[in-house]
Each structure stands twice: as C-alpha cells, then as structure tokens.
Amino acid sequence: MTTTPTPAKSVPFGNLKAHYQDYKQQLDAAVNRVLASGHYILGKELDAFEDQFAAFLGLPEKRVVGCASGTDAIYLALLDAGVKTGDEILVVAHTAVPTICAIAKTGATPIFIDVCPDTLVMDPKDLEAKITKNTKVIIPVHLYGQMVDMDAVMQVATKHKLVVLEDCAQATGATYKGKAAGTIGDYGAFSFYPSKNLGAFGDGGAVSCNSDKAYESLKMLRNYGQSKRYHHDEFGVNSRLDEMQAAILSAQLPYVKEWNDKRRKLAALYTKLLKDVVETPVEAKDNFHVYHLYVIQTDKREELREWLEAEASIQALIHYPIPAHLQKAYQHLGNKRGFLPKTEYMADRILSLPMHQGLTEDDVEYVCHKIKEFIGSKTGSKV
Ligand SMILES: Cc1ncc(COP(=O)(O)O)c(C=O)c1O
Numbered sequence: 027m028t029t030t031p032t033p034a035k036s037v038p039f040g041n042l043k044a045h046y047q048d049y050k051q052q053l054d055a056a057v058n059r060v061l062a063s064g065h066y067i068l069g070k071e072l073d074a075f076e077d078q079f080a081a082f083l084g085l086p087e088k089r090v091v092g093c094a095s096g097t098d099a100i101y102l103a104l105l106d107a108g109v110k111t112g113d114e115i116l117v118v119a120h121t122a123v124p125t126i127c128a129i130a131k132t133g134a135t136p137i138f139i140d141v142c143p144d145t146l147v148m149d150p151k152d153l154e155a156k157i158t159k160n161t162k163v164i165i166p167v168h169l170y171g172q173m174v175d176m177d178a179v180m181q182v183a184t185k186h187k188l189v190v191l192e193d194c195a196q197a198t199g200a201t202y203k204g205k206a207a208g209t210i211g212d213y214g215a216f217s218f219y220p221s222k223n224l225g226a227f228g229d230g231g232a233v234s235c236n237s238d239k240a241y242e243s244l245k246m247l248r249n250y251g252q253s254k255r256y257h258h259d260e261f262g263v264n265s266r267l268d269e270m271q272a273a274i275l276s277a278q279l280p281y282v283k284e285w286n287d288k289r290r291k292l293a294a295l296y297t298k299l300l301k302d303v304v305e306t307p308v309e310a311k312d313n314f315h316v317y318h319l320y321v322i323q324t325d326k327r328e329e330l331r332e333w334l335e336a337e338a339s340i341q342a343l344i345h346y347p348i349p350a351h352l353q354k355a356y357q358h359l360g361n362k363r364g365f366l367p368k369t370e371y372m373a374d375r376i377l378s379l380p381m382h383q384g385l386t387e388d389d390v391e392y393v394c395h396k397i398k399e400f401i402g403s404k405t406g407s408k409v
C-alpha cells in the first residue's frame with residue numbers, strides 16, 4: 027500500500043523571516059550590542075569576526091579581510107593580484123554573473139571554460155587550451171556548494187605560474203580532500219548574501235588569503251588604500267563589512283556546521299526519493315558538498331517548474347538560465363552559442379529545488395511526491 031505524504035501546502039524556496047525568528051535571541055543581542063557601542067565601521071566586531079572566520083576555515087589569524095559583498099571580495103582579490111586591463115582570467119560561464127562583473131570591473135577579460143557535465147563545476151581539462159601570454163588568474167567557482175577539482179586546477183596554475191582565486195560564495199564550509207574552500211588557492215572570495223550558507227542581514231563578503239602581505243594589502247584596498255589615517259599608500263575603494271553585519275555573522279558562525287550537515291541530510295533524502303525519476307546532483311570524490319543549492323536536471327525543466335508553482339505552490343528556481351558568455355552585457359567578447367557545449371546543454375535542464383537549513387524532511391517528501399506526480403502524468407519514467 028502506498029501512503030500519500032502530507033496534505034497540500036506551500037514550500038517557498040527560502041524563508042529568511044522564519045530563520046530570524048529561530049535565532050532571534052542571538053541576532054537581537056548582536057544588533058543591540060552594536061547599536062549601543064556607538065562604533066559602526068571598522069571596529070572590534072569586524073576584527074573578531076575575521077579571526078573567527080579564519081579559524082572556521084582552518085587558517086591562522088590575519089588571513090581573512092571582511093568587505094562589502096562577494097562581488098567586491100573577488101574584485102579586491104583581483105586588484106591585490108595586480109590584475110589590470112588586458113589581462114585574461116579563466117572562469118566558467120556557468121556562475122552567478124557577479125563573478126564576471128568583478129572581473130570586468132578590473133578591465134580584465136573573462137575567458138570562459140566549460141563545465142564537467144556531472145558535477146556542473148569547472149572542468150580543469152578545458153583550462154590549458156585557453157591559456158595565453160595574457161592569462162593571469164584562474165577562478166574556480168565552487169558552485170552549488172561543491173568544490174572544483176582543486177588538485178587539477180593547482181597543477182595547471184603551478185605549471186603556468188597563474189594566481190588562483192576561489193569563488194567560495196556558495197561554498198562556505200565545503201571541503202576538498204579535507205581542506206576548506208578558500209584555503210587552497212592564493213585567495214578565496216566569500217559572499218554573505220542573506221540566503222547563503224552563512225548569510226548577513228544585508229550585503230557582506232570576505233576575502234581569505236595566504237600571506238601577511240596580502241592580508242595587509244587587502245585591508246588597505248578595502249579602505250581607500252589607507253595604511254593609517256590620511257595616509258593612502260595605494261589605490262583603494264570603500265568596501266567594508268560594517269560592525270552590524272560582522273556581529274550578525276559572528277552570532278551565526280557557530281551554527282554553520284550544523285546547518286551544512288542538515289542541508290546534506292535533506293539533499294540525501296531528495297536524492298533517495300528522486301534518483302529514479304530525474305538526474306540528481308553528483309558528489310565528486312573527496313568533496314564535502316554543502317548544498318547551497320540542490321540542483322536536478324530534466325528535459326522538462328520549464329514545464330516542471332511552472333507545474334510545481336501552479337499546482338503545488340512549490341517554488342523552484344534556475345541557477346542559472348543564461349550562461350555568462352551568452353548574456354547581452356558580454357556579447358562584445360564575441361563568444362557565440364556553441365562555444366561551451368556542456369554549459370549550454372545543461373543550462374536548459376537545471377532546476378534548483380527548495381533548500382535551506384529551515385526546510386523539513388516533510389517539505390522534501392512533499393516536493394518529491396509532487397515531482398513524481400508530475401512525471402507520472404507525463405511518461406511514467408525519467409524526464
Ligand atoms: C558564485 C557567486 N559568486 C559571486 C557572488 C556575488 O556575491 P554578492 O551577491 O555577495 O556580491 C555570488 C552571489 O550571488 C555567487 O553566487
């Protein structure tokens with residue numbers, strides 16, 4: 027006898043309002059502490075968060091610099107690496123477009139790399155053919171919460187003397203062979219956008235680095251190039267993680283491991299219930315995937331997404347429907363459809379199901395039940 031799980035309900039993609047209620051006491055205490063302090067920019071809350079986040083990553087103190095967003099984290103790291111107009115940066119087109127915005131802001135050119143068709147992250151085998159005398163940096167994007175094959179990336183980078191900047195915006199807490207995202211390359215760029223695995227209540231980001239020199243320089247770059255008050259040693263911008271967001275992040279950091287474990291448990295349940303009906307995410311060997319997003323693949327992506335929304339009040343999203351090389355803003359680079367076959371094929375098939383630490387097993391069962399209902403009404407087999 028089959029049982030029908032849970033009566034009809036709605037499953038939004040995320041629920042930050044409920045997240046605030048769940049952690050209200052800790053969050054309110056952090057905000058009130060900052061409000062009462064009279065100090066809102068570059069103070070002890072930021073110093074504390076930077077060192078706590080470094081420890082979370084397994085790094086010593088003075089290896090993390092907070093900044094205003096994940097986009098700025100990439101931009102600041104590129105500036106620190108000396109990237110300038112005319113340089114070329116190897117990066118996937120299958121990423122959140124801000125990765126590319128940060129490159130464009132330096133004047134450098136993104137050179138697009140295809141993805142592995144199973145894990146959907148950068149295929150290191152596509153790197154060497156695209157290296158020229160202008161290549162300066164490789165940006166492996168640890169998309170959806172899973173890291174790129176970093177041994178292969180580091181091998182190419184070492185051979186060609188390239189800088190490696192890990193885009194860890196979606197991978198806080200992910201590991202590769204036991205090493206945390208953001209600790210293998212020269213730099214790691216983190217986003218604390220509210221829905222990320224560790225999210226601020228506003229914008230925020232951080233750069234991790236591997237030397238005192240980079241740490242000191244990044245601190246100047248984010249603060250008008252200032253070494254001390256009114257002494258500007260280099261070019262810089264205003265990109266600081268404010269005291270309020272730093273306190274909010276410190277209040278939540280102790281829970282990130284537990285939240286990531288919960289995401290992994292929910293992902294395992296999705297996979298168990300869906301593996302015979304759609305393509306489920308592939309976890310590469312030696313990877314601790316933290317499921318910022320749970321992404322399935324199906325030829326009936328559009329139909330399924332619309333049906334879930336209309337018939338079952340389930341919100342599923344697409345990350346990302348148009349690869350960066352096909353975006354209007356980057357047409358001047360001259361990359362046409364057909365340039366990245368694996369990226370283009372999968373961009374039409376991916377669908378992100380609801381995933382966040384507040385989601386319940388009941389929610390997952392309901393989503394899977396509805397997907398099976400849709401598929402049953404179509405073919406009765408994988409779509
Ligand atoms: C892979 C990736 N890189 C960079 C960013 C940019 O981060 P932010 O929105 O904090 O600027 C994001 C966030 O959407 C992202 O997902």
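In the numbering used here, the protein residues as written are 27 to 409.
Heads up, the beta-carbon is just placed ideally off N, CA and C, and yes, glycines get one too.
Same chain, Cβ closer than 6 Å to residue i, neighbours up to 5 away in sequence not counted
{"i": "Leu42", "result": "Pro220"}
{"i": "Asp193", "result": "Thr125, Ile165, Val167, Ala215"}
{"i": "Ala195", "result": "Gly96, Ser217"}
{"i": "Ala119", "result": "Phe138, Pro349, Ala350, His351, Leu366, Thr369"}
{"i": "Val123", "result": "Ala350"}
{"i": "Ile157", "result": "His186"}
{"i": "Pro136", "result": "Ile115, Val117, Ile126, Ile129"}
{"i": "Ala56", "result": "Ala273, Ile274, Ala277"}
{"i": "Lys131", "result": "Tyr101"}
C-alpha distance - residue i paired with residue j, whole-angstrom precision
{"i": "Ile100", "j": "Arg248", "result": "12 Å"}
{"i": "Phe261", "j": "Leu153", "result": "31 Å"}
{"i": "Ile210", "j": "Lys404", "result": "45 Å"}
{"i": "His351", "j": "Asp54", "result": "43 Å"}
{"i": "Trp333", "j": "Asp140", "result": "31 Å"}
{"i": "Tyr392", "j": "Phe39", "result": "13 Å"}
{"i": "Phe138", "j": "Met176", "result": "18 Å"}
{"i": "Asp83", "j": "Glu337", "result": "Reading off the sequence shown, one finds Leu at residue 83, where the question assumed Asp. Distance between the alpha carbons of Leu83 and Glu337 is about 42 Å."}
{"i": "Tyr250", "j": "Ser265", "result": "9 Å"}
{"i": "Asp325", "j": "Lys398", "result": "15 Å"}
{"i": "Val179", "j": "Asp149", "result": "9 Å"}
{"i": "Val189", "j": "His315", "result": "24 Å"}
{"i": "Leu105", "j": "Leu116", "result": "16 Å"}
{"i": "Val147", "j": "Thr198", "result": "16 Å"}
{"i": "Tyr213", "j": "Leu191", "result": "5 Å"}
{"i": "Leu300", "j": "Lys70", "result": "47 Å"}
{"i": "Leu72", "j": "Ala107", "result": "24 Å"}
{"i": "Val282", "j": "Thr121", "result": "23 Å"}
{"i": "Ala232", "j": "Ser276", "result": "13 Å"}
{"i": "Ser253", "j": "Pro347", "result": "43 Å"}
{"i": "Lys151", "j": "Thr184", "result": "15 Å"}
Residue i: CB within 6 Å of a non-hydrogen atom of ligand 3
{"i": "Ala195", "result": "Looking at this structure, you won't find ligand 3 anywhere; what it does contain is ligand 1."}
Residue nearest to residue i in terms of C-alpha spacing, selected from the options
{"i": "Ser217", "options": "Ile210, Asp229, Ala206", "result": "Asp229"}
{"i": "Lys110", "options": "Val90, Ala134, Val123", "result": "Ala134"}
{"i": "Arg331", "options": "Lys396, Leu359, Tyr356, Ala74", "result": "Lys396"}
{"i": "Ala207", "options": "Thr184, Gln181, Ser234", "result": "Ser234"}
{"i": "Ala200", "options": "Ala44, Ala310, Ser63", "result": "Ala310"}
{"i": "Ser36", "options": "Gly108, Asp73, Ser339, Gly364", "result": "Ser339"}
{"i": "Lys50", "options": "Thr324, Ile274, Asp312, Lys283", "result": "Ile274"}
{"i": "His45", "options": "Thr132, Leu244, Ala178, Asn223", "result": "Asn223"}
{"i": "Glu335", "options": "Leu300, Leu377, Gly364", "result": "Leu377"}
{"i": "Arg289", "options": "Lys156, Val117, Gln172, Ser243", "result": "Gln172"}
{"i": "Val241", "options": "Lys151, Ala80, Ile344, Asp48", "result": "Checking the displayed sequence, the identity of residue 241 turns out to be Tyr instead of Val. Closest option to Tyr241, Cα to Cα, is Ala80."}
{"i": "Asn236", "options": "Ala103, Val282, Tyr170", "result": "Ala103"}
{"i": "Glu22", "options": "Ile344, Ala155, Cys93, Gly92", "result": "A query on residue 22 cannot be resolved here, the shown segment of the chain reaching from 27 to 409 and no further."}
{"i": "Ala355", "options": "Gly204, Cys93, Cys127", "result": "Cys127"}
{"i": "Val182", "options": "Val163, Lys205, Ala373, Ala62", "result": "Val163"}
{"i": "Tyr170", "options": "Pro307, Ile401, Ala373", "result": "Pro307"}
{"i": "Gly402", "options": "Gly364, Gly360, Val303, Arg375", "result": "Val303"}
{"i": "Arg59", "options": "Gln271, Lys151, Arg363", "result": "Gln271"}
{"i": "Asp98", "options": "Phe75, Asp259, Val263", "result": "Val263"}
Same chain only: Cβ atoms within 7 Å of residue i, ignoring 5 sequence neighbours per side
{"i": "Asn160", "result": "Gly112, Asp113, Glu114"}
{"i": "Leu379", "result": "Tyr296, Tyr320, Ile322, Ala342, Val393"}
{"i": "Leu85", "result": "Thr209, Ser234"}
{"i": "His65", "result": "Glu269"}
{"i": "Lys203", "result": "Asp312"}
{"i": "Thr145", "result": "Gln172, Val308, Ala310"}
{"i": "Gln383", "result": "Trp285, Lys288, Arg289"}
Cutoff 8 Å; reference residue i; Cβ partners in own chain excluding five residues on either side
{"i": "Leu292", "result": "Tyr317, Tyr320, Met381, Leu385, Glu387, Val390"}
{"i": "Asp77", "result": "Glu87, Lys88, Val90"}
{"i": "Tyr371", "result": "Pro143"}
{"i": "Asp238", "result": "Lys88"}
Closer than 7 Å to chain C by CB, residue i
{"i": "Thr145", "result": "Here chain C cannot be found, since the structure has a single protein chain."}
Inset, instruction - Return the chain-ordered ranges of every alpha helix (DSSP H) run that is complete within the region 34-89 and spans a minimum of 4 residues. - result: Whole alpha helix (DSSP H) segments, 4+ residues: 42-48, 50-63, 70-83.
Inset, instruction - Entirely within the region 98-122 and at least 3 residues each: give me those beta strand (DSSP E) ranges in chain order. - result: Complete beta strand (DSSP E) runs here, min 3: 114-118.
Inset, instruction - Identify every run of the beta strand (DSSP E) within the region 334-359, keeping only runs that are complete inside it and at least 3 residues long; order them along the chain. - result: Not a single unbroken stretch of the beta strand (DSSP E) spanning 3 or more residues falls wholly within the region 334-359.
Legend entry - Start-end ranges of the beta strand (DSSP E) lying completely within the region 138-195, minimum 3 residues: Counting only runs of 3 or more residues that sit fully inside the region 138-195, the beta strand (DSSP E) segments are 161-165, 189-193, in chain order.
Legend entry - In chain order, each beta strand (DSSP E) run of at least 3 residues that lies wholly inside the region 274-329: Taking only runs of at least 3 residues, the beta strand (DSSP E) segments lying wholly in the region 274-329 are 320-323.
Legend entry - Whole alpha helix (DSSP H) elements within the region 202-251, 4-residue minimum: Counting whole runs of 4 or more residues, the region 202-251 contains the alpha helix (DSSP H) stretches 238-247.
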